[in-house]
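Visitor: In the numbering used here, each residue carries its 1-based index in the sequence shown increased by 33.
Where a beta carbon is used, it is the ideal one built from N, C-alpha and C, also for glycine.
Every value quoted in this text rests on a predicted model; they were computed, and no experiment measured them.
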Amino acid sequence: GKGGGGLTSQSPVLGMAAVTCACVLSGLAGVWLERIVKSSNDVPIWLRNMQLGSISLFLGIVSVFVVDGEAVAADGFFQGYSWVTFFVVVQVSLGGLLVSLIMKYADNVVKGFATS
Numbered sequence: 034g035k036g037g038g039g040l041t042s043q044s045p046v047l048g049m050a051a052v053t054c055a056c057v058l059s060g061l062a063g064v065w066l067e068r069i070v071k072s073s074n075d076v077p078i079w080l081r082n083m084q085l086g087s088i089s090l091f092l093g094i095v096s097v098f099v100v101d102g103e104a105v106a107a108d109g110f111f112q113g114y115s116w117v118t119f120f121v122v123v124q125v126s127l128g129g130l131l132v133s134l135i136m137k138y139a140d141n142v143v144k145g146f147a148t149s
């Protein structure tokens with residue numbers, strides 16, 4: 034075939050099913066998160082954000098050492114990073130804080146527009 038001759042095949046039906054499933058799950062997760070954030074007034078949004086972030090941090094570190102443990106041990110955790118990589122990490126982190134504020138004071142639809 035054209036463009037490299039790899040063993041890839043495309044299925045529009047499978048692709049649409051995957052996108053539809055991702056959209057439905059994203060919408061359900063957004064509604065669930067909005068319910069949790071707005072119904073628990075006894076826990077500040079910053080504490081809730083730290084709780085969710087610590088779970089993500091734990092899962093991320095475990096996956097790094099499972100998938101790339103040998104490379105991290107040999108060359109360090111920040112191997113291959115550049116200033117662009119650090120900029121993206123900071124940008125995504127600030128975006129997460131912005132989404133938490135939006136979830137506290139707006140609704141899931143506004144969050145969808147803010148993250149787009």
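Output the distance between the C-alpha atoms of residue 106 and residue 112, rounded to the nearest integer angstrom.
Guide: Cα to Cα, the separation comes out at about 10 Å.
Visitor: Could you check whether residue 82 and residue 133 sit closer than 7 Å to each other, using their CB atoms as the reference points?
Guide: Yes.
Visitor: What beta strand (DSSP E) runs, 3 residues minimum, are completely inside the stretch 84–132?
Guide: Fully enclosed beta strand (DSSP E) runs of 3 or longer: not present.
Visitor: Using 10 angstroms around the beta-carbon of residue 136, count the other beta-carbons present and answer buried if the total reaches 16, otherwise exposed.
Guide: It is buried - the Cβ of residue 136 has at least 16 other Cβ atoms within 10 Å.
Visitor: Using only alpha-carbon positions, find the residue among 120, 121, 98, 87 that is nearest to residue 110.
Guide: Per the Cα distances, 98.
Visitor: Quick one: give me the first and last residue of the alpha helix (DSSP H) that residue 51 is part of.
Guide: Start and end: 45–72.
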